[in-house]
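These protein sequence lines are chains E and B, in that order.
To convert, take the position in the first sequence, counting from 1, and add 5; that gives my numbering.
To convert, take the position in the second sequence, counting from 1, and add 787; that gives my numbering.
Note that CB positions come from ideal geometry on N, CA and C, so glycine has one too.
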Amino acid sequence: MTHTLSEAESKSLLAPFGVPFLDERLVDTADAAADAAAAIGGPVVAKLCGEAIAHKTERGLVRLSLQGAAEARRAAEELLAAARPEDGPVQVLVAPMVRATRELIVGLSVDPQFGPTVVLGVGGILAEAVADVVVRLVPVTEVDAEEMIDELRTQALLGPFRGEPAVDRRALVAVLLALSDAAERVPGLVSADLNPLMVVDGEPVAVDALVELADAPGAA
Amino acid sequence: MPRPEHFQALFDPRGVVVAGASSHPGKFGFVALHNILANGYEGEVFATNREGVDVLGRPTLASIDEVPDGAADLVFVCTPAGANPELLRQAAAKGVKAAFIASAGYGEAGEEGRRLQAELVALADELDLLVVGPNGQGLISTPSSLCAQIVAPYPPRGRIGVASQSGNFVSSFMNLSRHSGVGVSRAVSVGNAAQVGVIDALEYFADDPETTVGLIYVEGLPDGRRFFERLREVTARLPVVVLKGGATSSGARAAASHTGSLATDDKVFDGMCRQAGAVRAATVAEAFDAAAALATQPAPPGPRVAVVTTVGGWGVLTADAIAGSSLELLALPDDLRDSLDRLLPPRWSRNNPIDLAGGETKDTIPAVLEAVVGHEQVDAVILLGVGIQANQGRMEREGPFYPDHGLERIVGYHDRQDRRYVTVAAELSERYAKPVLVATELAVGDPDNAAVAGVRDAGRYCFASADRAVVALDHAWRHERWRQRRGLGSRRPIAP
């Protein structure tokens, strides 16, 4: 059996391998959310976060474009109130609101025949229909990672796009290598999803993360 | 596990025993013996038959016990599964090192068959015997003129090593080999792959001086991870073309019912091939095209392609195909344009595709080819529009006016010219160590056309269309780029 980690736990597990995340704060109360919004500055996002919460958007547990401390406080109050008993312990994640026209998906999954694999795909709401996905087996080398990026069919998305600079390929290579590295070093790592990996001013940044671990032997 | 000397006994045996030879022409035991005897194998051939009847006018032995010690190191087994353990023990005692098991009734045939197959492998390991199959169609090895298989055809000698989980795909590739003249070194159908599979054969090919390209068909892989690691080791030494069945979910279901093996998600398989440096082909024709290009053309040093065409139309479509590949249509360098200006009338395209616009006199095409192939910025050339004059010549030769009215002389001239163009193309390709691919649908439409026959006689492969030549060249370049990026040096040179 497996279990999923909360968004915050997923991010703290992957960050040391070099996955780029936003400057985010995890808080327990609405007041702390207001303080976090003030410290981050600019518009923020608030999300309800807990181990058992996987589909935040579907449940309306993501609040976007919050302007200033007051709006952040109110959003955090509503999110905490929306928690259900089965969600278990919950917190509120406050993060800078970023805008990006380009979204990628990067993930890690264990193929029944070939073992751990790193996946790179074009993200966004059309991701499944477009199905522009490239896979490599772990361990992924730097050259392998560069070739993955080259093999995406939608190359136009990686160049300069709608006034934004080209995707920083070295930074994207680093994300792919980070997941490969994590697959080799984290015992029981079954899957990881960085969805979306947004391209902000050309730089990839993981806005969400979901890690699935195998239960320890003997665990219920 | 089997060692190289076992595969050597399989592909270059001193002598062969056909166990279960039959006097009935409809039986595998008849066909196997017939095919070995009919294709020039020079080693000694023995046949066993329980009743001791003559087969194909030759006496048979009642048992393998009667074969002289050490006279044969390969046994081709057509006997029922139940008889095989005893037979293999006798064969091993006679010095046999390899057995090809054509017999069915093993892993493909339910619980009891799977048990027999497991016993077969255990016995082979105990006897230090290579067992290929069971339920396979056989093998061929052109350096030994050995056609030990229960199907046709027997291909010409060449450099492509074929290994397949399906015997019918071996036949497919060999049909294309026979038609095109681009030959095969070894081919083996691994059947149920009880003891050895496609990857074991490939590993032998990787160190086989007779083989310069591997061509495989696979459906399921019991240990995908290990297959990947071994494939990557092989491709560092030998380019490998992979055709896989079960790429889609409905194909995957057909594969499961065929070999009882699990199919895998196609994107993962595709990524695995690319990571391992293998060429993944989507169809039989694409797979053979790629293998033929790798076997007969030097490795492209880079992606820049020049397209040379005697007349318009074809070049445009070829440029489109190149745009959709990893190749680049070379922007014509000024010095090359100047050289061509001196060789051609002003109506030529003055760009790439280099369209001669019918502006050739007797020596124009060889001179243009020399200038283009020899230019330092050109990494590969695709030559189109050959064979046109010889095609018209055929109509004239077969028409009611031949040989009068000057037809005999002009037809002969066109045949010689078309043959000369493709011969020069092959010579320049060799001299400058760059691919020069010739494409014309006459490869299919009229294999006797002087241009097509000339390509074949030069040891090259005539592509059936320009877009197919582009796809094959794209595969060759991707493989070379895979090598370059990993500091592996160029692939092994093509051999005559």
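Query raised in the report: Are Ala1226 of chain B and Pro1087 of chain B close, meaning C-beta to C-beta below 9 Å?
Result: no
Query raised in the report: Under 9 Å, do Val1094 of chain B and Gln982 of chain B count as touching if we go by C-beta distance?
Result: no
**Report entry** Contact under 9 Å by Cβ, Ala1177 of chain B with Arg1206 of chain B
**Finding:** yes
Query raised in the report: Comparing alpha-carbon positions, which option in E:Leu142, E:Val127, E:Met6 lies nearest Thr106 of chain E?
Result: E:Val127
Query raised in the report: Given that Gly1011 of chain B touches chain E, what residues does it touch there, using C-beta distances under 7 Å?
Result: Gln118, Phe119
Query raised in the report: How big is the Cα-Cα spacing for Ala1041 of chain B and Asp137 of chain E?
Result: With a pLDDT of only 46 at Ala1041 of chain B, under the threshold of 50, the placement of this residue in the model should not be trusted; the figure read from the coordinates follows. Their backbone Cα atoms lie some 26 Å apart in a straight line.
Requested in this report: Closer than 8 Å by C-beta to Leu1104 of chain B: which residues in its own chain qualify, once you throw out the five before and the five after it? Chain order, please.
Outcome: Ala1253, Asp1254
Report task. Report the neighbours of Leu1008 of chain B on chain E: residues whose CB is nearer than 9 Å to its CB, in chain order. Result -> Gln118, Phe119
Query - DSSP state of Lys61 of chain E mapped onto helix, strand, coil - result: coil
Requested in this report: Run down chain E in chain order and give the residues with a C-beta less than 8 Å from the C-beta of Phe1015 of chain B.
Outcome: Phe119, Leu142
**Report entry** Counted within 10 angstroms of its Cβ, other Cβ atoms place Thr847 of chain B as buried (16 or more) or exposed
**Finding:** buried
Query raised in the report: Helix, strand or coil for Thr866 of chain B per DSSP?
Result: coil
Query raised in the report: Can the beta-carbon of Ala1080 of chain B be found less than 9 Å from the beta-carbon of Pro1222 of chain B?
Result: yes
**Report entry** Inside the stretch 880-962 of chain B only - beta strand (DSSP E) runs reaching at least 3 residues
**Finding:** 885-888, 917-919, 925-928, 933-936, 944-951
Query - Pick from E:Arg104, E:Gly65, E:Glu83 that is closest to Asp206 of chain E, judged by C-alpha positions - result: E:Arg104
Query raised in the report: Where does Ala154 of chain E sit, in a helix, a strand or coil, going by DSSP?
Result: Correcting the residue identity first, residue 154 of chain E is Ile in this sequence and not Ala. If DSSP states are grouped into helix, strand and coil, Ile154 of chain E belongs with the helices.
Query raised in the report: When the Cα atoms are used, what is the spatial distance from Glu829 of chain B to Ser931 of chain B?
Result: 7 Å
Query - Beta carbon proximity, Lys771 of chain B to chain E, threshold 9 Å - result: Outside the shown range of chain B (788 to 1283) lies residue 771 of chain B, about which nothing can therefore be said.
Query raised in the report: How would you list, in chain order, the residues of chain E whose beta-carbon sits under 7 Å from the beta-carbon of Arg1272 of chain B?
Result: Val148
Query raised in the report: Closest Cβ-Cβ distance between Val1055 of chain B and chain C: below 9 Å?
Result: No chain C appears in this structure, whose protein chains are E and B.
Report task. Can you grab the Cα-Cα spacing for the pair Lys881 of chain B / Ala796 of chain B, in whole Å? Result -> 13 Å
Query raised in the report: Does any residue of chain E bring its CB to less than 9 Å from the CB of Gly1058 of chain B?
Result: yes
Query raised in the report: Which chain E residues are close to Gln1062 of chain B, counting only those with a beta carbon under 7 Å from its beta carbon?
Result: Arg141, Leu142, Asp149
Query raised in the report: Under the DSSP definition of a beta bridge, which residues are partnered with Val832 of chain B?
Result: B:Val803
Query raised in the report: Are any of the Cβ atoms in chain B nearer than 9 Å to that of Thr122 of chain E?
Result: yes
Requested in this report: Could you tell me which of B:Arg973, B:Ala905, B:Pro812, B:Arg902 sits nearest to Ile927 of chain B, measuring between CA atoms?
Outcome: B:Arg973
Report task. State the DSSP-derived secondary structure class of His1192 of chain B, mapped to helix, strand or coil. Result -> coil
Query raised in the report: So, is Ile1281 of chain B buried or exposed, given that buried needs 16 or more other C-beta atoms within 10 angstroms?
Result: buried
**Report entry** Member of E:Val123, E:Gly73, E:Glu14 whose CA lies at the smallest distance from the CA of Ala35 of chain E
**Finding:** E:Gly73
Query - Coil, strand or helix - Lys1054 of chain B by DSSP - result: helix
Query raised in the report: How big is the Cα-Cα spacing for Leu1275 of chain B and Val938 of chain B?
Result: 39 Å
Report task. Measure the beta-carbon distance from Glu108 of chain E to Pro222 of chain E and round it to whole angstroms, keeping in mind my assumption that it falls under 8 Å. Result -> Incorrect: roughly 38 Å between the Cβ atoms, too far for contact.
Query raised in the report: Are Gly925 of chain B and Phe960 of chain B close, meaning C-beta to C-beta below 9 Å?
Result: no
Query - Proximity winner among E:Val216, E:Ala51, E:Glu147, relative to Leu194 of chain E (alpha-carbon distances) - result: E:Val216
Query raised in the report: When the Cα of Phe22 of chain E is compared with those of E:Val115, E:Ala183, E:Glu82, which residue comes out closest?
Result: E:Ala183
Report task. Give the residues of chain B in contact with Glu82 of chain E, contact being defined as C-beta atoms less than 7 Å apart. Result -> Under the 7 Å cutoff, chain B gives no residues; its nearest Cβ is about 44 Å from Glu82 of chain E.
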